[in-house]
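Chemist:
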Amino acid sequence: EIQKEYAVPVVPGVLDVNLIEAQGLPNMKSGMNRMSPYVVLRVMSIAPVGTLNLTIHKAEGLRKIQLIGQQDPYAIVVLDGRRKATTKVHYDSGRTPVWEEKKTVMLTGKEKSGAIEIQIWNKNMMSDERIGYAYLDVADVLCPSKKKWLRVNRKKGKQNNSSLDGKVCVSWDFQAHSAPSFKPLKVLESKTGYIGGPDPKWENTLSVKDMVSNCYVQATLRNKRTFGTDTILAISNVISVQGAIHQNFFTKGKNTWYPLTPSNATRSKCNNNNAGKIKLEIKFRSADNPDGIEPEEIEPQVPEVDVLQVVSSGPVVEASVVNATVQQVVSADVVHADVQPF
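Residue numbers (the numbering used here): 86 to 427.
1. Does any residue of chain C bring its CB to less than 9 Å from the CB of G217?
2. Buried or exposed: which applies to A372, given that a residue is buried once 16 or more other Cβ atoms fall within 10 Å of its Cβ?
3. To the nearest angstrom, how far is it from the Cα of N333 to the Cα of Q327?
4. Starting from Q332, follow the alpha helix (DSSP H) in both directions and report where the run begins and ends.
5. Within 10 angstroms of its Cβ, does T193 collect 16 or more other Cβ (buried), or is it exposed?
6. Between which residues of its own chain and L229 is the CB-CB distance below 6 Å, once the five residues before and five after are set aside?
7. Return yes when the Cβ of M129 is within less than 9 Å of the Cβ of N308, no when it is not.
8. Cα-Cα, which of N118, L164, S353 and I367 is closest to E288?
9. DSSP puts D101 in a beta bridge; with which residues?
10. Just reading off the beta strand (DSSP E) that G242 is part of, what are its end residues?
11. Taking 7 Å as the limit between beta carbons, can you name the residues of its chain near G282, skipping five residues before and five after?
12. CB Y91 to CB I363, shorter than 9 Å?
13. Would you check if the distance between the CB atom of A107 and the CB atom of A319 is smaller than 9 Å?
14. Tell me whether V237 sits in a helix, a strand or coil according to DSSP, three-state version.
15. Hey, is G146 close to the ligand SAH, as in C-beta under 8 Å from one of its heavy atoms?
16. Kindly give me the distance between the Cβ atoms of I317 and V302, rounded to whole angstroms, as I take these residues to be in contact under 8 Å.
17. Under 9 Å, do G199 and A160 count as touching if we go by C-beta distance?
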């Protein structure tokens, strides 16, 4: 029996991070003044650097857009709006073309898009017609895949549960030229807590429009001072938005606490590098899911003979960060690195 597999879709939309409370922060009280902690939230994307060898195998169930005769499909690989590669045309293959072509795509780490776009077209004598789009998360290329089915959608950037538009099968391997990095996208600042001190409460939602769900967040807690520079109290690990949504869905929202590590200013006040914890609720709203996206059932990876597979018990949604470079990546949801506080 093949076990069901789920994944959080890569879609455009709005990121919501609800700051609820923190506990056990290092106490930096000065005289009679109580601490007034607030949160600086950094939103980031991961940017692999290297050579992607992408094999486009075949497609199935493509929507029929040609009224007379059989379709002649081909695929185009697009990144940041630029064509990177094109397959041959499989003439008269209709809704089930087979290409089996390997294409090379160079990733510099400076790409603006968080996904590689695969466009499926129908060759015509007069004018070619687009059948649909499929998307491969750039962060996924860090983990080689035997074969993966991507849903084809008739509208650009649109992800849904429907299989009416078909699917395309791809696999890849990635040769890293250097360690990937976290690319900052947005920085937001919360209000100070309505309850201060080492156990502050906020109930403050920070929202970012025009994002993609495969982003990452990191929280830095600071103490607001009347005079002088605000003190950095603690820093969270880097959190995968997709991983957090996946974990919260299957734990029914119970896994919303994230550990904090001390800053240089508070390290002497903390035991075992523990600076408390922060409670966050992370949600991502898309046009099709205004209440928030959820994990979707995906095509299970069927193990091949003599292939060793490593199966994790669940997505790891945290990472420890140094100099904004990734030192080790073991799955699409796991990133080990270290980011200096900001």
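We treat Cβ as the ideally placed atom computed from N, Cα and C, and that holds for glycine. All values derive from a computational prediction rather than experimental measurement.
Modeler: Walking through what the data contain:
1. No chain C is present in this structure, which holds just one protein chain.
2. A372 should be labelled exposed.
3. Cα to Cα, the separation comes out at about 10 Å.
4. Looking at the DSSP string, the run of the alpha helix (DSSP H) that includes Q332 is V326 to F335.
5. So T193 counts as exposed.
6. The sequence as given places Pro at residue 229; Leu does not occur at that position. Same-chain partners within the cutoff: D258.
7. Not closer than 9 Å, so no.
8. Answer by Cα proximity: I367.
9. In the DSSP assignment, D101 forms a beta bridge with S292 and K368.
10. For G242, there is no enclosing beta strand (DSSP E), as DSSP gives it neither H nor E.
11. If you ignore the 5 residues before and after G282, its C-beta comes within less than 7 Å of the C-beta of R119 and M120, all in its own chain and listed in chain order.
12. No. Outside cutoff.
13. Cβ atoms of A107 and A319: closer than 9 Å.
14. If DSSP states are grouped into helix, strand and coil, V237 belongs with coil.
15. In terms of ligand content, the structure shown is empty, and the ligand SAH therefore cannot be addressed.
16. The pair is not a contact, with the Cβ atoms about 17 Å apart (cut-off 8 Å).
17. It is not a contact, given that the beta carbons lie outside the stated cut-off.
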